[in-house]
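Numbering (our numbering), first residue to last: 1 to 425.
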């Protein structure tokens with residue numbers, strides 16, 4: 001396998017783990033696909049596999065080779081996929097097209113039928129019921145040159161201006177297949193520590209998000225009467241047929257651990273996090289649910305940086321930090337995320353199960369949970385969308401966040417994750 005393909009394999013392997021079901025095309029992509037160690041693999045234009053498994057991933061090294069009618073073939077392909085399948089289209093820059101046959105191991109006289117630019121590829125997919133999740137460049141140096149090729153391909157190929165000279169462009173695409181299911185059950189997870197004064201208000205203000213919904217509290221070693229207040233609320237609402245309330249005591253530390261415990265106990269189709277301090281109004285949760293149900297996104301991320309805030313809702317240094325992290329995250333994951341640290345996030349439960357199953361790739365590096373979910377969602381190729389929310393000053397208790405100590409930890413986590421998802425070794 002050519003050195004350039006070995007380099008791009010490093011990036012693709014982040015998105016397509018071992019033991020995946022991989023549908024691929026054209027046929028000369030076989031060597032690259034087999035190097036990913038799939039459980040099953042078959043070529044798009046080949047004979048139908050019987051029984052036909054649902055591919056978890058689709059890898060295309062081009063759209064024109066072995067495709068006579070791209071529109072019809074993509075339309076037919078969509079019927080064989082499910083909503084979690086991700087398509088990765090790898091296109092070669094026209095600037096490097098003279099090296100195409102050498103890199104792909106094709107005969108020298110093999111001609112490409114037609115070169116399609118990435119923006120036109122995106123256009124064709126969107127016409128046939130797909131959505132572009134993100135794009136990235138890859139491989140600036142196609143030959144092994146000690147020190148230089150690693151510097152160029154791992155770091156420089158992702159830099160502004162320089163990335164336009166890369167050999168490959170990788171487009172991540174999802175099929176829009178979610179059925180509008182208004183009956184999807186919603187689980188609201190609340191991590192609560194020293195929030196006794198907010199519990200009753202949270203329950204009374206929680207809107208009806210689905211015909212059958214549950215509210216899960218995870219109490220994290222409070223110094224006030226938070227646990228007792230939650231237990232009282234559970235008893236008082238035991239006869240409520242439209243809302244089931246349950247409570248668990250956290251055994252680990254950190255909000256991230258509490259949220260993971262809540263998610264593990266949830267039985268809903270949609271999981272949504274609500275901060276117990278009520279800084280994000282519970283009444284605004286409905287917009288997260290609607291965006292998921294309408295298939296506008298697969299991961300709904302709250303953004304507090306759109307509407308005006310109350311005077312003491314967020315201190316100036318926190319505001320600056322949030323904006324900077326938003327810029328960095330958007331660069332790293334290739335999708336717009338303006339507010340990484342807003343506690344309110346929502347996703348489908350089946351997507352979270354896949355995220356949790358691959359958590360070892362990043363490790364247990366995030367005590368807050370926000371980065372764990374965002375980076376995990378990005379690795380799965382989920383469509384992330386910011387949902388603007390109002391941000392209010394807390395009316396009870398004080399924040400559990402240490403601005404400088406936790407800020408330093410967030411920087412360390414960002415650098416760690418960047419090496420695992422953007423600057424892949």
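No residue lacks a Cβ here, since even glycine has one placed at the ideal position from N, Cα and C.
Inter-residue spacing [alpha-carbon to alpha-carbon] between residue i and residue j
{"i": "residue 158", "j": "residue 95", "result": "17 Å"}
{"i": "residue 226", "j": "residue 201", "result": "13 Å"}
{"i": "residue 90", "j": "residue 421", "result": "17 Å"}
{"i": "residue 14", "j": "residue 232", "result": "46 Å"}
{"i": "residue 323", "j": "residue 304", "result": "10 Å"}
{"i": "residue 272", "j": "residue 76", "result": "34 Å"}
{"i": "residue 224", "j": "residue 258", "result": "18 Å"}
{"i": "residue 140", "j": "residue 63", "result": "22 Å"}
{"i": "residue 119", "j": "residue 294", "result": "25 Å"}
{"i": "residue 104", "j": "residue 148", "result": "22 Å"}
{"i": "residue 209", "j": "residue 121", "result": "37 Å"}
{"i": "residue 241", "j": "residue 190", "result": "20 Å"}
{"i": "residue 203", "j": "residue 248", "result": "16 Å"}
{"i": "residue 351", "j": "residue 84", "result": "8 Å"}
{"i": "residue 395", "j": "residue 137", "result": "47 Å"}
{"i": "residue 93", "j": "residue 251", "result": "52 Å"}
{"i": "residue 228", "j": "residue 221", "result": "12 Å"}
{"i": "residue 386", "j": "residue 290", "result": "13 Å"}
{"i": "residue 361", "j": "residue 11", "result": "14 Å"}
{"i": "residue 423", "j": "residue 238", "result": "51 Å"}
{"i": "residue 160", "j": "residue 331", "result": "10 Å"}
Bridge-paired residues (DSSP) for residue i
{"i": "residue 69", "result": "The partner list for residue 69 (beta bridge, DSSP) is empty, contrary to what the question assumes."}
{"i": "residue 219", "result": "192 and 249"}
{"i": "residue 41", "result": "22"}
{"i": "residue 14", "result": "Answer by DSSP bridge pairing: none, since residue 14 is not bridged."}
{"i": "residue 386", "result": "301"}
{"i": "residue 89", "result": "60 and 171"}
{"i": "residue 272", "result": "188 and 346"}
{"i": "residue 214", "result": "187 and 244"}
Of the listed residues the options, nearest to residue i (C-alpha basis)
{"i": "residue 213", "options": "187, 234 and 193", "result": "187"}
{"i": "residue 234", "options": "218, 224, 222 and 318", "result": "218"}
{"i": "residue 33", "options": "53, 8 and 54", "result": "8"}
{"i": "residue 109", "options": "98, 288 and 245", "result": "98"}
{"i": "residue 366", "options": "407, 336, 74 and 387", "result": "407"}
{"i": "residue 277", "options": "243, 342 and 294", "result": "342"}
{"i": "residue 457", "options": "80, 1 and 81", "result": "Here the chain has residues from 1 to 425 only, and residue 457 is not among them."}
{"i": "residue 88", "options": "55, 264 and 66", "result": "55"}
{"i": "residue 410", "options": "283, 326, 382 and 377", "result": "326"}
{"i": "residue 129", "options": "160, 179, 183 and 74", "result": "74"}
{"i": "residue 29", "options": "17, 45, 19 and 18", "result": "45"}
{"i": "residue 285", "options": "340, 391, 310 and 111", "result": "391"}
{"i": "residue 268", "options": "348, 191, 316 and 240", "result": "348"}
{"i": "residue 142", "options": "160, 135, 167 and 282", "result": "167"}
{"i": "residue 169", "options": "81, 70, 61 and 124", "result": "61"}
{"i": "residue 67", "options": "86, 372 and 116", "result": "116"}
{"i": "residue 311", "options": "361, 393 and 354", "result": "393"}
{"i": "residue 288", "options": "356, 335 and 207", "result": "207"}
{"i": "residue 372", "options": "416, 386 and 43", "result": "416"}
{"i": "residue 37", "options": "21, 335 and 171", "result": "21"}
{"i": "residue 328", "options": "404, 127, 418 and 301", "result": "418"}
{"i": "residue 369", "options": "135, 317 and 344", "result": "344"}
{"i": "residue 262", "options": "215, 283, 281 and 302", "result": "215"}
{"i": "residue 19", "options": "184, 282 and 39", "result": "39"}
{"i": "residue 266", "options": "346, 42 and 86", "result": "346"}
Exposed unless 16 or more other CB atoms sit within 10 angstroms - verdict on residue i
{"i": "residue 164", "result": "exposed"}
{"i": "residue 298", "result": "buried"}
{"i": "residue 24", "result": "buried"}
{"i": "residue 308", "result": "exposed"}
{"i": "residue 155", "result": "exposed"}
{"i": "residue 199", "result": "buried"}
{"i": "residue 196", "result": "buried"}
{"i": "residue 376", "result": "buried"}
{"i": "residue 4", "result": "buried"}
{"i": "residue 364", "result": "exposed"}
{"i": "residue 151", "result": "exposed"}
{"i": "residue 245", "result": "buried"}
{"i": "residue 172", "result": "buried"}
{"i": "residue 357", "result": "exposed"}
{"i": "residue 144", "result": "exposed"}
{"i": "residue 79", "result": "exposed"}
{"i": "residue 111", "result": "exposed"}
{"i": "residue 320", "result": "exposed"}
{"i": "residue 264", "result": "exposed"}
{"i": "residue 279", "result": "buried"}
Contact test: residue i Cβ vs the ligand SAM heavy atom, cutoff 7 Å
{"i": "residue 268", "result": "No copy of the ligand SAM occurs in the structure displayed, which carries no ligand at all."}
Chain B contact for residue i (CB, 8 Å cutoff)
{"i": "residue 132", "result": "Included in the structure is just one protein chain, with no chain B present."}
| Of all the alpha helix (DSSP H) runs that stay within the bounds of the region 110-145, which reach a length of 4 or more residues? | Counting whole runs of 4 or more residues, the region 110-145 contains the alpha helix (DSSP H) stretches 118-127.
| query | What runs of the alpha helix (DSSP H), each 4 residues or longer, lie entirely inside the region 277-339? | reply | Runs of alpha helix (DSSP H) with 4 or more residues, each lying fully within the region 277-339, are found at 285-293 and 316-333, listed in chain order.
| In chain order, which continuous runs of the alpha helix (DSSP H) of length 4 or greater are located wholly inside the region 347-376? | Complete alpha helix (DSSP H) runs here, min 4: 349-357.
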